[in-house]
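These notes are about the structure you will find just below.
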Amino acid sequence: MMRLNREEMARRVAQDIPEGAYVNLGIGLPTKVANYLPVDREVLLQSENGLLGMGPAPAPGDEDWDLINAGKQAVTLLTGGCYFHHADSFAMMRGGHLDICVLGAFQVAVNGDLANWHTGEPGAIPAVGGAMDLAIGAKKTLVMMELLTRDGRSKLVERCSYPLTGLGCTSRVYTDMAVFDLGSAGARVVETVEGCSVDDLRNLTGLVLEG
Amino acid sequence: MMRLNREEMARRVAQDIPEGAYVNLGIGLPTKVANYLPVDREVLLQSENGLLGMGPAPAPGDEDWDLINAGKQAVTLLTGGCYFHHADSFAMMRGGHLDICVLGAFQVAVNGDLANWHTGEPGAIPAVGGAMDLAIGAKKTLVMMELLTRDGRSKLVERCSYPLTGLGCTSRVYTDMAVFDLGSAGARVVETVEGCSVDDLRNLTGLVLEG
Amino acid sequence: MIDKQVATAADAVADIQDGSTVMIGGFGTAGMPDQLIEALIARGAGNLTIINNNAGNGEAGVAALIREGRVKKIICSFPRQSDSHHFDARYRADEIELELVPQGNLAARIQAAGAGLGAIFTPTGYGTSLAEGKETREIDGVNYVLEYPIRAEFGLIKAYRGDRWGNLVYRKTARNFGPIIAMAARTTIVQVDEVVPLGSLDPETVVTPGIFVQRVVGIPAATTNKRG
Amino acid sequence: MIDKQVATAADAVADIQDGSTVMIGGFGTAGMPDQLIEALIARGAGNLTIINNNAGNGEAGVAALIREGRVKKIICSFPRQSDSHHFDARYRADEIELELVPQGNLAARIQAAGAGLGAIFTPTGYGTSLAEGKETREIDGVNYVLEYPIRAEFGLIKAYRGDRWGNLVYRKTARNFGPIIAMAARTTIVQVDEVVPLGSLDPETVVTPGIFVQRVVGIPAATTNKRG
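Residue numbers (our numbering), protein chains in the order written: chain L, -15 to 195; chain Y, -15 to 195; chain S, 17 to 244; chain G, 17 to 244.
Right, here's the structure in full:
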């Protein structure tokens, strides 16, 4: 099977982001999606720390540490972008103004439940940031993740065992093997990579999957 | 008895507004207080429609109808003043940031209850504006009014008969005959005009008044 | 390319239907989007629920909408004024429904809608007739009234300058309800004195980020008059 | 004459006592009032409850306050980061209490405090462990959690320019929590890169009106570094 690497996953997600969308890319893997947005498409990236119209990283040496993204990396502002305070920034998410957010995940359940903020392991220091606000606030919450953990267990699950970020909030999951639509009716396979069948996915995940 | 006219009442209220105070003057009679603030004292007037640092009326012909006060009169902005939206404006009041508001009244009760927005008469069209927000929001709510109605009834009362604006919110009332402090312990006469005794006030109002 | 500009006020309001809920900016005449309202009147939609601070001043703006009999219900804080004669007449004839909301509750409920809150405990109105029948609660020794968000299908506002992404700045006290209406309405339509090229507005001074705006119409002649 | 300028950072924080609740601006190092915090450390107040988005980055700011053992409890959304080692150590040693709040709830609760609300029903966290034991309610088909305002006796923030009335403008994403902390803290203390004469700030572009600010200290050297 031709599994996608992380760059290819990012490119695949980027294809589904339409012209004119207001998008928040979560920290970590989703940040890569920005690199694959077609240059002829105007997509406005929001950053939770008070920035709309986020541009690429500045050239080395040109960093301004008053202009950072949610991951505390130096960024730039596009012509037409603007700044605002934190309450307005989260109003954008929670008030349903953001079209799309893309988040990483530890687990996603077939009904759309998302677990991406805490492993729940004893001794782990929890940190939630804006994940819960994004997950339930954006009009569409997309997840990108490898389908399997390093030891081969499915991260798409019947029911999350990790602490939840939000209930039923994920509408689509992009993985290295397939794209799934989620919802109260369960998971449906939208597309698979070359050499991967829906039955392969059923075997790997142990889930009932609509083909 | 040397009753104060409305200009003198306004001057009397102005004396009690200290340097540096943030003040909202209600529409109608309280607006006059601005004319008597000592020029060597910096007092910042707030207007509910999104203005802090309100200056005097412009010269005739210089009006800008995008720069008005709560009474929809043309005003000016002092150097150092600024504009903001309605939610921030009412956060100033309701969040307890405003030091003083001065309001007119139909009735005030000895416990500080205020009635100034609606006569409750059948057929009267009610209009509340920002009165309720100011009354309960400012750190100190001052009322200025004539003590008696035209037909001689006291507007300082045991219990308001008009619909209430706020409960127990008035701390002091400035009238044409006397100044009263109000509170859960009742009304106390702070000062009277020349020729007016506390007993005169007791007779006129029919109230128990601390002298 | 994102371009929220619409050629005319008529185009901008073309999908406002009978029975819609429309939030309208302005405090008195300052910030009142007169030309958008004229277009709405020309379009003919009626049976509207209008949210505005006032119930019309003089002859233009919300007053004209009421005069033409298009308003079923108005939610406002201060309907009765010296020049609110069109509202007064309709109200006395029992031809318009009034929901009176203290101005701070109006602003906070509009802001709550834009921010996605489900309800807020507000201090204003407790113990008064405007809170009758509403849930109340004492929190840390203060009494509050539970109030719900005020949302709208459409928002009509006036700003000073805007760009094709919908970023806005306002002019003086004409700002008033504009920024919070933009956040609370599903479709926010703005008339601006001037449409400026992208990048003309300083990113530090944009008051309404474009994400809250769906349509922008440039209407150069729109100076504010004392009375509608 | 109103003059909120204070000569030094030490003077500005001189009345912060042991056991105080202090809200501190900044997201990462952007907007972190390092020099005010240094003065607070020098002053010696301990047993503090700190509200900030993070639990310190690197060595300066909130990280330094934690390193010096002055923080009893921290209320924040994102404590654990690659450079949060001072917090991590104290937390693992059970020497600091953590109240974890989703970032949007943190912002909304601070804003609610500044605006005088008693409580808010917020959509975030419903059904998660961070809402355990909290009151919930379904409103119009959506589930909400009841959250209370977060207030503080002191707010320490950093702005770009300020005047003697306390009017402020910020710089880029260093704005973050500054404007809402200014509204929520009883005494808001601001370090600004530059104190400018009254009238230098455009009245249309003031972000924090002076009414929300009690003290202003000019600290010209305060550029933002990547890490504390």
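Every residue, glycine too, gets a C-beta built ideally from N, C-alpha and C.
Does chain G have any CB closer than 9 Å to the CB of residue i?
i	result
L:V112	yes
S:L122	no
Y:Q57	no
S:T240	no
S:A128	yes
S:P139	yes
S:K188	yes
S:D209	no
Counting contacts by CB-CB distance shorter than 9 Å, is residue i in contact with chain S?
i	result
G:I136	yes
G:T221	yes
Y:N(-11)	no
Y:A115	yes
L:G21	Sequence inspection shows Leu at residue 21 of chain L; the Gly mentioned does not correspond to that position. Closer than 9 Å: no.
G:A131	yes
G:K20	no
Y:V78	Per the sequence presented here, residue 78 of chain Y reads as Arg, with Val not at that position. True, the Cβ-Cβ gap to chain S drops below 9 Å.
So which of the options has the shortest CA-CA distance to residue i?
i	options	result
G:I235	G:P49, G:V38 and G:A190	G:P49
S:N69	S:D110, S:V38, S:Q119 and S:G171	S:Q119
S:T140	Y:A(-2), Y:G152 and Y:G34	Y:G152
Y:L191	Y:R137, Y:E175, Y:I109 and Y:R156	Y:R137
S:T204	S:R96, S:Y164 and S:P195	S:P195
S:V22	S:R180, S:N73 and S:R106	S:R180
S:N183	S:R96, S:A198 and S:E54	S:A198
L:G104	G:G77, G:L146 and G:L214	G:L146
G:R59	G:M17, G:C92 and G:L81	G:L81
Between the C-alpha atoms of residue i and residue j, what's the straight-line distance to the nearest angstrom?
i	j	result
L:A(-6)	S:R177	37 Å
S:R231	S:G44	23 Å
Y:G208	G:V223	Examination of residue 208 of chain Y is not possible in this model, given that chain Y is present from -15 through 195 alone.
S:G244	Y:V112	Note that S:G244 scores a pLDDT of 40, beneath 50, so its modelled location is shaky; the value from the coordinates is reported in the next line. About 21 Å.
Y:D242	L:H81	Nothing about residue 242 of chain Y can be read from this structure; chain Y reaches only from -15 to 195.
Y:L282	S:A46	Shown here, chain Y extends from -15 to 195; a query on residue 282 of chain Y therefore has no answer.
G:G143	L:G150	7 Å
G:R187	Y:E26	29 Å
Y:L196	Y:A115	Residue 196 of chain Y lies beyond the stretch modelled for chain Y, which goes from -15 to 195, so this question has no answer here.
Y:V92	Y:R143	8 Å
L:N94	L:A171	Here the sequence assigns Val to residue 94 of chain L, which means Asn is not the residue at that position. Each residue's alpha carbon lies about 5 Å from the other.
G:A201	L:Q57	29 Å
G:A30	Y:Y146	49 Å
S:A25	S:Q51	7 Å
G:P225	L:A(-2)	41 Å
S:Q33	S:G62	8 Å
Y:G88	Y:F164	15 Å
Are the C-beta atoms of residue i and some chain Y residue less than 9 Å apart?
i	result
S:G194	yes
G:I82	no
G:M48	no
S:Q33	no
Using a Cβ-Cβ cut-off of 9 Å, state whether residue i counts as contacting chain L.
i	result
G:R180	no
G:Q119	yes
S:D226	The identity of residue 226 of chain S in the sequence shown is Gly, whereas the question assumes Asp. For S:G226, the answer is yes, since a Cβ of chain L falls inside 9 Å of its Cβ.
S:G234	no
G:F170	no
Is residue i near the ligand NAP, with its Cβ less than 8 Å from a heavy atom?
i	result
G:R86	Among the ligands in the structure shown, none appear at all, so the ligand NAP cannot be discussed.
Could you confirm whether any beta carbon from chain C is found closer than 9 Å to the beta carbon of residue i?
i	result
Y:I84	You won't find chain C in this structure, because its protein chains are L, Y, S and G.
So if I threshold CB-CB distances at 8 Å, which residues from the segment -1 to 17 of chain L count as touching chain S? E3, G4 and Y6
Mind listing which residues of the segment 119 to 130 of chain Y have their C-beta closer than 8 Å to chain S's C-betas, in chain order? I120 and G121
Would you mind listing the alpha helix (DSSP H) stretches within the segment 68 to 97 of chain L that are 4+ residues and don't spill past its ends, in chain order? 70 to 78
Which residues, in chain order, does the segment 64 to 76 of chain L contribute to contact with chain S at a C-beta distance below 7 Å? G64, G65, C66, Y67, F68, A75 and M76
Ranges of the beta strand (DSSP E) found wholly within the segment 180 to 239 of chain S, counting only runs of at least 3: 201 to 211 and 231 to 234
Pick out the complete alpha helix (DSSP H) segments inside the segment 53 to 94 of chain S, 4 residues or longer, and give them in chain order. 78 to 83
Under 8 Å, CB to CB, which of the residues in the segment 138 to 160 of chain Y have a partner in chain S? P147, L148, T149, G150 and L151
Within the segment -13 to 42 of chain Y, ranges of the alpha helix (DSSP H) (whole runs, at least 4 residues): -10 to -1
Anything in the segment 31 to 42 of chain Y with a Cβ closer than 8 Å to a Cβ of chain S? List those residues in chain order, please. S31, E32, N33, G34 and L35
Every unbroken beta strand (DSSP E) within the segment 152 to 184 of chain S, with a cutoff of 3 residues, ordered by chain: 152 to 155, 158 to 163 and 168 to 178
Of all the residues that make up the segment 151 to 167 of chain G, which are near chain S by a beta-carbon distance shorter than 8 Å? R153, I155, D156, V158, Y160 and Y164
If contact means a Cβ-Cβ distance below 7 Å, which residues of the segment 51 to 73 of chain S contact chain Y? none
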